[in-house]
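Novice: Read in the numbering used here, the sequence shown has 575 at position 161, and its numbers run on one by one without any break. Okay, here's the structure, questions in a sec.
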Amino acid sequence: MNMTQNKSKILFYIALPYTIIGLFQLFTFSTEAEKSEIEHQKNIIDNYNIFSLSPPKEVSFANESVPLSDPEVYERLDRELHANTYFHSNTILYFKKANRWFPVIEPILKENNIPDDFKYLALIESGFENVVSPAGATGFWQFLKSTGQEYGLEINNDDIDERYHVEKATVAACKYLNDAYKLYGSWALVAASYNTGMNRVSKELERQKTNNYYDLLLSNETSRYVFRILAVKQIFTHPDLYGFHIRKKDLYEPFEFRTVTIDSSIVDFPKFAADNNISYKILKQFNPWLRESYLKNSNRKVYELKIPTQSGYLLN
C-alpha cells in the first residue's frame, strides 16, 4: 500500500464518526420535524373544523317568501350564508355594532311603515360605519348627494352633511323605500332598487318581461345584494346554528346623551366641546354630520347636537 492510499485510509477513519453522527442527527431531526408536523395537522383536524352549511328550508324577506325551490335562488343564498358565516371578524363586528344602532333605526322604520328587515339593508350597506363609496355614496344608508337632497337631507359645501346624521338619514331612506314600494309592490324589488336605482330596475323589468325579483337578471352586485341581506338576517336570527357565540358584555352599548339646541353660528367647536365637558373628538363622534370645526348657520336654523352623558366620554 503506497503512501497516498495510507493517507486516504486514515482520513476515511477520521471522518467516519462525524459522518455517522451527521447522518444520525439528520435522521433524528427529520423524524422530529415530521412528528411535529403530524401533531400540528392533528391539532388542526381536532380543533379547527370548517363545515359546509345547510341553508334553511324556508326564508322570507319582509314577509315575502323566497323561492328556494329554484336551484339558482338556493345557490345564491347558499353562497352568501357561507361568505358571511366564514368572514368571522366582519360578522362579529356586525353583531357588536347592531346592538348600538338597531334600537335607533327600528322605531323609525316602524313609524314609517317599513318592514323591520330593512335594518339589515343598512347593516350590509355600511357595516354601521360612516363610509364613503368610490361613487360618493355616504353614511350608514349610503346616499349619493343628489338622492340625499331629493329626500330632504341638508348637504351643503360648507359645514353640514346630514347623510352622516343617522336618524335623519334613516327617515330619508324610509321615504325612498316607500316611493319604491308604491312603484313595484314588492319589497325584494325595493331592496334591489336601493342598490342599483329605480330607473335601472324599471328598465330591466320591462326589458325582461317580468315583475319578480327572483326571475330578474341583474348585475352581479345587485344579484347578490338581497341575498346578503337574507344571509345576515338568518345569521342574526339563529347565531348558534352558524357558530356565533356573542356574549352580551361584548356588544357595543347604545349611546346615552342629552341634546343641546342651537339656532346661531358657532365659531369654535373645540371651545364649544370643552364648555360641555367633552373633547372635540367626542363631539364630532356623536355629531358626525358637522363637517367642520365651526357652524356658519347664517339662516339661524335650529339644530340639535348630541352631548354624551356617560362618564367615560366626559373630560371630568
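Where a beta carbon is used, it is the ideal one built from N, C-alpha and C, also for glycine. Values in this document were obtained by computation on a predicted structure and should not be read as measured data.
Give me, in chain order, the residues of the same chain whose beta-carbon lies closer than 8 Å to that of residue 628; leave out the 5 immediate sequence neighbours on both sides.
Specialist: Start at 1 with the first residue of the sequence shown, and residue 628 comes out as number 214. The answer, listed in chain order, is 480, 481, 484, 487, 602.
Novice: Among the residues of its own chain, which have a CB less than 7 Å from the CB of residue 691, if the five just before and after it don't count?
Specialist: The residue labelled residue 691 in the question sits at position 277 within the sequence shown. Contacts found: 728, 729, 730.
Novice: What did DSSP end up calling residue 580 once you bin it into helix, strand or coil?
Specialist: The residue you call residue 580 lines up with position 166 of the sequence shown. In the structure shown, residue 580 sits in a helix (DSSP, three-state: H, G or I).
Novice: Residues in its own chain within less than 6 Å of residue 719 by CB, not counting five upstream and five downstream?
Specialist: Within the sequence shown, the letter at position 305 stands for residue 719. Once the five neighbours on either side are set aside, the close Cβ partners of residue 719 are 674, 701.
Novice: Contact between the segment 563-583 and the segment 701-714 is defined here as three or more beta-carbon pairs at a separation below 8 Å; is this criterion met?
Specialist: Yes: the two stretches touch, three or more of their Cβ pairs being nearer than 8 Å.
Novice: For residue 647, count neighbouring Cβ atoms within 10 angstroms of its own Cβ and tell me buried if that reaches 16, exposed if not.
Specialist: Taking the first residue of the sequence shown as 1, we reach residue 647 at position 233. Counting Cβ neighbours within 10 Å, residue 647 comes out buried, since at least 16 surround it.
Novice: Using only alpha-carbon positions, find the residue among 540, 643, 548, 672 that is nearest to residue 474.
Specialist: The sequence position of residue 474 within the sequence shown is 60, counting from 1. Minimum Cα distance to residue 474 is reached at 643.
Novice: Which of helix, strand or coil does DSSP assign to residue 499?
Specialist: Looking up residue 499 in the sequence shown gives position 85. Residue 499: helix per DSSP, three-state reduction.
Novice: Compute the Euclidean distance between the alpha carbons of residue 630 and residue 618, then round it to the nearest angstrom.
Specialist: For the purposes of this step, residue 630 is identified with residue 216 of the sequence shown, where counting begins at 1. For the purposes of this step, residue 618 is identified with residue 204 of the sequence shown, where counting begins at 1. For residue 630 and residue 618, the distance between alpha carbons rounds to 8 Å.
Novice: Please check the pair residue 578 and residue 552, which I expect to be a contact at CB under 8 Å, by giving their CB distance rounded to whole angstroms.
Specialist: Walking along the sequence shown from the start, residue 578 turns up at place 164. Walking along the sequence shown from the start, residue 552 turns up at place 138. Right, their Cβ atoms sit about 7 Å apart.
Novice: Taking DSSP as the reference, what is the three-state secondary structure of residue 660?
Specialist: Residue 660 sits at position 246 when you count from the first residue of the sequence shown. In this structure, residue 660 counts as coil in the three-state DSSP scheme.
Novice: Using DSSP bridges, identify the partner residues of residue 717.
Specialist: Here the question's residue 717 lines up with position 303 in the sequence shown. BP columns for residue 717 point to 676.
Novice: Determine the contact status of residue 513 and residue 665, defining contact as a CB-CB distance below 7 Å.
Specialist: Position 99 of the sequence shown, counting from 1, holds the residue named residue 513. Position 251 of the sequence shown, counting from 1, holds the residue named residue 665. Taking 7 Å as the Cβ cut-off, residue 513 and residue 665 qualify as a contacting pair.
Novice: Considering residue 723, what are the terminal residues of the alpha helix (DSSP H) in which it resides?
Specialist: On the sequence shown, position 309 is the one that residue 723 refers to. No alpha helix (DSSP H) holds residue 723; DSSP gives it neither H nor E.
Novice: Let me make sure I understand the geometry here. Which of 660, 650, 616, 519 has the alpha-carbon closest to that of residue 554?
Specialist: Counting from 1 along the sequence shown, the entry for residue 554 is found at position 140. Nearest option by C-alpha distance: 519.
Novice: Measure the Cβ-Cβ separation of residue 676 and residue 639 and say whether it is below 7 Å.
Specialist: Walking along the sequence shown from the start, residue 676 turns up at place 262. Walking along the sequence shown from the start, residue 639 turns up at place 225. Cβ distance not < 7 Å, so residue 676 and residue 639 don't count as in contact.
Novice: Compare the C-alpha of residue 525 against each of 688, 581, 543, 657 and name the closest.
Specialist: The count along the sequence shown starts at 1 and reaches residue 525 at position 111. It is 581.
Novice: Between which residues of its own chain and residue 567 is the CB-CB distance below 7 Å, once the five residues before and five after are set aside?
Specialist: The residue labelled residue 567 in the question sits at position 153 within the sequence shown. Cβ within range, chain order: 557, 576, 577, 582, 583, 586.
Novice: For a test of the three-state rule: what should DSSP assign to residue 464, helix, strand or coil?
Specialist: Here residue 464 is taken as the residue at index 50 of the sequence shown, counted from 1. In the structure shown, residue 464 sits in coil (DSSP, three-state: anything other than H, G, I, E or B).
Novice: How many Å lie between residue 456 and residue 449 at the Cα?
Specialist: Against the sequence shown, residue 456 aligns to sequence position 42. Against the sequence shown, residue 449 aligns to sequence position 35. The alpha-carbon atoms of residue 456 and residue 449 are separated by roughly 11 Å.
Novice: Just to confirm the assignment, what range does the alpha helix (DSSP H) spanning residue 639 have?
Specialist: What you label residue 639 is simply residue 225 of the sequence shown in a count that begins at 1. 634-651 is the extent of the alpha helix (DSSP H) around residue 639.
Novice: CB-CB under 6 Å to residue 660, same chain, minus the five flanking residues each way: which ones, in chain order?
Specialist: Here residue 660 corresponds to residue number 246 of the sequence shown, with the count starting at 1. Cβ within range, chain order: 509.
Novice: Could you say which of 724, 722, 712 lies nearest to residue 570 if we only look at CA atoms?
Specialist: By one-based count along the sequence shown, residue 570 stands at place 156. Comparing Cα-Cα distances from residue 570 to each of 724, 722, 712, the minimum goes to 712.
Novice: According to the neighbour-count rule (16 or more other Cβ atoms, all chains shown, within 10 Å of its Cβ), is residue 531 buried or exposed?
Specialist: By 1-based counting over the sequence shown, the position of residue 531 is 117. Residue 531 is buried by the Cβ-count criterion.
Novice: Less than 7 Å between the beta carbons of residue 528 and residue 597, yes or no?
Specialist: Taking the sequence shown and counting its residues from 1, one reaches residue 528 at position 114. Taking the sequence shown and counting its residues from 1, one reaches residue 597 at position 183. Not a contact, by the Cβ cut-off of 7 Å.
Novice: In whole angstroms, what separates the C-alpha of residue 616 from that of residue 564?
Specialist: The residue given as residue 616 occupies position 202 in the sequence shown. The residue given as residue 564 occupies position 150 in the sequence shown. About 19 Å.
Novice: Counting C-beta neighbours from all protein chains within 10 Å, is the total for residue 696 16 or more, i.e. buried, or is it exposed?
Specialist: Reading the sequence shown from its first residue, position 282 is the one you call residue 696. When all chains shown are included, residue 696 counts as buried.
Novice: Could you check how far apart the C-beta atoms of residue 491 and residue 645 are, in whole angstroms? I think they sit under 8 Å.
Specialist: Sequence index remark: in the sequence shown, residue 491 carries index 77 (1-based). Sequence index remark: in the sequence shown, residue 645 carries index 231 (1-based). Their Cβ separation, rounded to whole angstroms, is 7 Å, which keeps residue 491 and residue 645 in contact under 8 Å.
Novice: Grouping DSSP H, G and I as helix and E and B as strand, with all else coil, what is residue 704?
Specialist: Indexing the sequence shown from 1 puts residue 704 at position 290. It is a strand residue.
Novice: Short of 8 Å in beta carbon distance, which residues of its chain neighbour residue 595, apart from the five on each side in sequence? Order them along the chain.
Specialist: Start at 1 with the first residue of the sequence shown, and residue 595 comes out as number 181. Only 601, 604 meet the Cβ criterion.
Novice: Does residue 452 pass the burial test, meaning 16 or more other C-beta atoms within 10 Å, or should it be called exposed?
Specialist: Position 38 of the sequence shown holds residue 452. Exposed, by the Cβ-count rule.
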